[in-house]
Structure formats: structure tokens, C-alpha cells
Amino acid sequence: MKILRIFLFIIFFYSFSISASPIKVVNQLENTEDELKVLDNTSVVYCSVKDLARVLSTTIYENIEREKLVLYLGEHRVKISAGTSFLVIDDIVYQIPSPAIIVEGDIYLPTTALFQILHDTVLPTISYIVENNELVIIPTEYNVQSIQVDEKVNGTIVRVKTLKKFKKREISVFLHKNGWFYLTIQGAVADSNNILKTDTRGIVKKISMDQLEGSLQLAFFLRSDIERHEFYQNKKTKEIVITLWAPLSKSVARIKEVKSQWEIDTIVLDAGHGGKDPGTVGKYGTKEKTVVLDVVKRIGRLLTKNTNMNVVYTRDEDVFIPLWQRTKMANENNGKIFISVHANGNRNRKAHGFETYLLRPGKTQDAIDIAAEENAAIKYEESRNGKYEELTHEGLILATMAQSMFMKESESLAGQIQHELNKELKSPNRGVKQAGFYVLIGASMPNVLLEVGFLTNPDEEKKLRTAEYRQKIANAVYRAIIEFKKSREFVMAEG
Ligand SMILES: [Zn+2]
Numbered sequence: 001m002k003i004l005r006i007f008l009f010i011i012f013f014y015s016f017s018i019s020a021s022p023i024k025v026v027n028q029l030e031n032t033e034d035e036l037k038v039l040d041n042t043s044v045v046y047c048s049v050k051d052l053a054r055v056l057s058t059t060i061y062e063n064i065e066r067e068k069l070v071l072y073l074g075e076h077r078v079k080i081s082a083g084t085s086f087l088v089i090d091d092i093v094y095q096i097p098s099p100a101i102i103v104e105g106d107i108y109l110p111t112t113a114l115f116q117i118l119h120d121t122v123l124p125t126i127s128y129i130v131e132n133n134e135l136v137i138i139p140t141e142y143n144v145q146s147i148q149v150d151e152k153v154n155g156t157i158v159r160v161k162t163l164k165k166f167k168k169r170e171i172s173v174f175l176h177k178n179g180w181f182y183l184t185i186q187g188a189v190a191d192s193n194n195i196l197k198t199d200t201r202g203i204v205k206k207i208s209m210d211q212l213e214g215s216l217q218l219a220f221f222l223r224s225d226i227e228r229h230e231f232y233q234n235k236k237t238k239e240i241v242i243t244l245w246a247p248l249s250k251s252v253a254r255i256k257e258v259k260s261q262w263e264i265d266t267i268v269l270d271a272g273h274g275g276k277d278p279g280t281v282g283k284y285g286t287k288e289k290t291v292v293l294d295v296v297k298r299i300g301r302l303l304t305k306n307t308n309m310n311v312v313y314t315r316d317e318d319v320f321i322p323l324w325q326r327t328k329m330a331n332e333n334n335g336k337i338f339i340s341v342h343a344n345g346n347r348n349r350k351a352h353g354f355e356t357y358l359l360r361p362g363k364t365q366d367a368i369d370i371a372a373e374e375n376a377a378i379k380y381e382e383s384r385n386g387k388y389e390e391l392t393h394e395g396l397i398l399a400t401m402a403q404s405m406f407m408k409e410s411e412s413l414a415g416q417i418q419h420e421l422n423k424e425l426k427s428p429n430r431g432v433k434q435a436g437f438y439v440l441i442g443a444s445m446p447n448v449l450l451e452v453g454f455l456t457n458p459d460e461e462k463k464l465r466t467a468e469y470r471q472k473i474a475n476a477v478y479r480a481i482i483e484f485k486k487s488r489e490f491v492m493a494e495g
């Protein structure tokens, strides 16, 4: 292998020798002239990468053993490998017409292609004039760094990040009927690799750029018509901000769409258990399924009477509904809040009070036990195969992640419910807790599980048998929903 390498080296060395007519380098940036080594006896002119690094005063990393060079140009990396017909610039592959050649520990590349690629990507400040065999380094550095596109309800905002403040007359925009919107900045030089990586969205479908003599042209291909456009340069951030306004009719429709998505207009009330599943049963024979159905109906009546929100009951009579079907119903009805109402049970008959749960891995043994008890409802489901992922720690973390976007809101709803119940009831406030409840999994909306009290506590059971006590609970939950809706819609208006 080594002998072969030496042999190849001799062949190369013999057939290509370093030219007597190097490329002239005119550095207008530093007002100096220099020369760049090239190879002779090649069909196209090859120039030295190491010499280019020297001329550009950039860092180079060499691994001659593996016949590789890496050129560091600002934050960009240009990887060159001998024997291959491509360059890799920041992980993007560029084709060159003939393979890179290694001679005397240096790699040589076809000059015209190399400079064209560098100019188009990471070095817009150089240009190669073939006729004069001259490389010109223009006295500018990037002053346009990147572009950010943001979609808003009524249009799209394009932010062009620049490093200097341009004069107003140096910036111009133009909307062509062919669907392209042009921004021309005189004296601008863009970091094209960054620009071409911009994520497009909203009205902007595609971005292209042209580094012209003395100016930069950015072109934005628009997905749809625009109502109007405007731009300004932010004095502080130096961004050029272009606003592309969506057609009025479209933006009104979009505002409505967004609003209806967020507006709390449908409340899903879930009475726990039902039918063959009684839930917890108290000493005096009070069944959880009966208490919670009555409470839920009282909450629903308050909402229907006093607001124009829709109320969806997962059950409004004594029937058995599988847990998975309850969140499915909630999602299908476009629910904006899901409240599952239950009554508690505990081996300790002294335990009493109310608490609200969030779907999260259980923290305390008590919470885990309660979740286990409520989850046991699935034993009444005949065909539950594959309906429930085992609520292992991992499964629960996944389910929790899917809900994390609603978690903050679920927390505030739970807090609000506890707060209102505390004002209404004399029972102890056991606070907001967390555990893994099947019934909450899969709800695409803020969701909580409320335990109104302990049927296993004879005193609390007695209270829960009375209509007044149930109405108090309903009043509190109703007020919590109203407060939650208010605060949520206030945040929306702010945002
Ligand atoms: Zn229950």
C-alpha cells in the first residue's frame, strides 16, 4: 500500500508541477497584491488550497495522512478530500468538474469551479476574473446575516438581520406580478449559506438571493396574493422588517379560526363510573356513580343557564362508558375543558376533604393508590385489548408529554377549582395533586380529575347525600370554570 502511494505520488509529481504563471490576487480589502500557486500540465487550472488559506488569512486543518483539508471561513467549514469530485461546505455537498489532486502535501482544486462555489456560498466577497487569471477580494464583509420568517394571524413578517444600518435610499422593495417579492439593499453582502437555510412559512414559500455588483437582492416567492406590504429598518436591532399583509378576507377568516380554536366554548363534564361500575360505595350505601352524576348535572345546568357555552356530558344517565371513550368524546366534540368528577375512597375512614388531580406520574403513595382505584374501572370493560398502554412509568411519561401543552392550563384550572371549593365547603382542602389516571389520557384540552370528597368517611358521606352539598360543589366548579375562561381569554387578548 505504501509503495503504491509513493508510486502514485511520483506519477502525480511527475505529471503536474507547480506553475510558473500563478493566479494574481488583488486584495482590495487590504490594498495588497499576492499570488496563488497553481498546477501545470492539467486540462483545467488547479489552484492550491493551502495557498488560498494563506491568501485569505484563514485557519486550515490538515490531515494529509487521510488526504483531507478543512478550510475555516468564518463560522463555515469547507472540507476537501483528494481524489474526490466534490466539496463539503457545512455538510452540503457541492460537485466539482474533476477530482481534487494531492501534490507535495497540498490539495489542488479546479480553480473556476472552486471560486464559483465559494462565491455562491460562503465567500461572496471574492470574484475570479478568468480572462485576467485574477482573484479579486472585495473590501466588504457580510453585513446581512440571516432571515427569519414569522407567520402572524394577518400576514407574514420577514426579518432580515443586518450588521449595519443602511440608509433609507439604499433599501428598495418591489412586488412583481410573477409572485416574487424583491428586496434590494445597496452595499449589502449576505451570508448566503445562512440565508438559503431560512425556514419559510406563512405567505413566504421560497427564498433565493443574488449577490450583484454592489448590491444584494433577496427574492421571496409568495404562496398567495398579498393585500399590501411595508418595510422599515429597526434602529436598535438593525433588522429590516418587511410586513406582507394577507388579503383582508383571508385574515378575517383566519382570526376567526384562531379565535374559535382558543375560545372556551365547550365544556366536557365527565361523571365517573356508571352502570355496572358503582365506584366507591359508602357505609350508608351511597354510590359514587350516583353522587357524581348529580354533581355534574348541576354544574352543567349552571353553565347552560348562565352562559352560552356548550356542555357535553360523557354520560347523563346511569350507564357504563369505557374510560377511553370519554376522552374520545371530549376530543370529537372539540371540548376546551375536560373535568372528570369522582368521589374518593380510603381504607382510613378518617380521610376526608376534596382534591383535584393532574395527569402526571404519581408523587405520593396515596395518589398512586387513588389512581389505581379509579383506573380499576377498566375491569368492567369487556374488550379493552390494546386500549390502554400499561401505565408504567415510561408510558405515563409519554402520555404526560403529549399533554404537556395543556399542563400549565390544567394546573391553573385545578388550582381555581380547589380555590372555589375551599370558599364554599367546610371540608379540608387537600390541594392539587398528580397521578396517572386513564380517564385523563388523550384529552386534547386542559383536563383535571376532581375528587369531591370521601364516601368512606361516614360524615362526608352524609353530606354528599344531600342536594345542598352537591349544589355547593357545583357552584364552586361553575365559578372556577368562569374564572378560568376569563383569565385564559385575557391572556389571548394580550398575546
Ligand atoms: Zn371514581
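Letter by letter, the sequence shown follows residues 1 to 495 of my numbering.
Even for Gly, the Cβ is constructed at its ideal location relative to N, Cα and C.
Since the model is a prediction, treat every value here as computed from it, not as a measurement.
(request) For ligand 3, list every residue whose C-beta falls under 5 Å from any of its heavy atoms, going in chain order. (result) Only ligand 1 can be found as ligands here, which leaves ligand 3 out of the picture.
(request) Write down the C-beta distance between Leu222 and Val241 rounded to the nearest angstrom, noting that I regard them as a contact closer than 8 Å. (result) That pair is no contact at about 17 Å.
(request) Following the continuous alpha helix (DSSP H) through Gln116, name the residue where it begins and the one where it ends. (result) In the DSSP assignment, Gln116 falls within the unbroken alpha helix (DSSP H) covering Thr111 to Asp120.
(request) Look at Ser208 and Ala219 and say whether their C-beta atoms are less than 8 Å apart. (result) Yes, these two residues count as a Cβ contact at 8 Å.
(request) Taking only the alpha-carbon atoms, compute the straight-line gap between Ser127 and Lys68 and give it to the nearest angstrom. (result) So the alpha carbons of these two residues sit roughly 25 Å apart.
(request) Can you tell me which of the three DSSP states Gly300 falls into? (result) Helix.
(message) Run through the DSSP bridge pairs and tell me what Glu230 is partnered with.
(response) Beta-bridge partners assigned by DSSP to Glu230: Thr243.
(message) Counting C-beta neighbours from all protein chains within 10 Å, is the total for Arg326 16 or more, i.e. buried, or is it exposed?
(response) By the 10 Å Cβ count, Arg326 comes out buried.
(request) Work out the CA separation of Gly74 and Ile185 for me, nearest whole Å. (result) Our two residues, Ile185 and Gly74, have alpha carbons roughly 22 Å apart in a direct line.
(request) Rounded to whole angstroms, what's the CA-CA distance from Asp51 to Gln211? Just pull it up for me. (result) Straight across, the Cα-Cα distance linking Asp51 with Gln211 is about 26 Å.
(message) Below 8 Å, how does it come out for the segment 296-309 and the segment 476-485: are there three or more Cβ pairs, yes or no?
(response) Look at the beta carbons and you see the segment 296-309 touching the segment 476-485: at least three pairs across the two are nearer than 8 Å.
(request) Specify the secondary structure class of Arg430 as computed by DSSP and reduced to three states. (result) DSSP, reduced to helix, strand and coil, places Arg430 within a strand of the structure shown.
(request) Could you tell me if Tyr108 is buried or exposed, where buried requires 16 or more neighbouring beta carbons within 10 angstroms of its beta carbon? (result) That one is buried.
(request) With Met209 as the anchor, note down where its beta strand (DSSP E) starts and where it stops. (result) Counting along the chain, the beta strand (DSSP E) containing Met209 begins and ends at Val204 to Leu212.
(message) Going by DSSP in three states, Phe221 sits in which element: helix, strand or coil?
(response) Phe221 carries a strand assignment under DSSP once its states are collapsed to helix, strand and coil.
(message) Quick test of your reading: Lys283 and Pro458, contact by CB under 8 Å. State the CB separation rounded to the nearest angstrom.
(response) Yes, they are in contact, since the Cβ atoms of Lys283 and Pro458 sit about 5 Å apart, within 8 Å.
(request) Alpha carbon to alpha carbon, how far is Asp318 from Thr266? Give it in angstroms, no decimals. (result) Cα to Cα, Thr266 sits roughly 23 Å from Asp318.
(request) Report yes or no: do three or more beta-carbon pairs, one from the segment 145-165 and one from the segment 51-61, lie closer than 8 Å? (result) Three or more Cβ pairs closer than 8 Å define a contact, and the segment 145-165 falls short of that threshold against the segment 51-61.
(request) For Thr286, I'd like the list of residues in its chain whose CB is within less than 7 Å of its CB, leaving aside the five on either flank, ordered along the chain. (result) By the criterion of a C-beta distance shorter than 7 Å, Thr286 is surrounded in its chain by Leu455, Glu461, Leu464 and Arg465, once the five residues flanking it on both sides are discounted.
(request) Below 6 Å CB to CB, which residues in the same chain sit around Asp34 once its five sequence neighbours on both sides are set aside? (result) Beyond the five residues adjoining it in sequence on each side, Asp34 comes within less than 6 Å, by CB distance, of Val25 and Val55 in the same chain, given in chain order.
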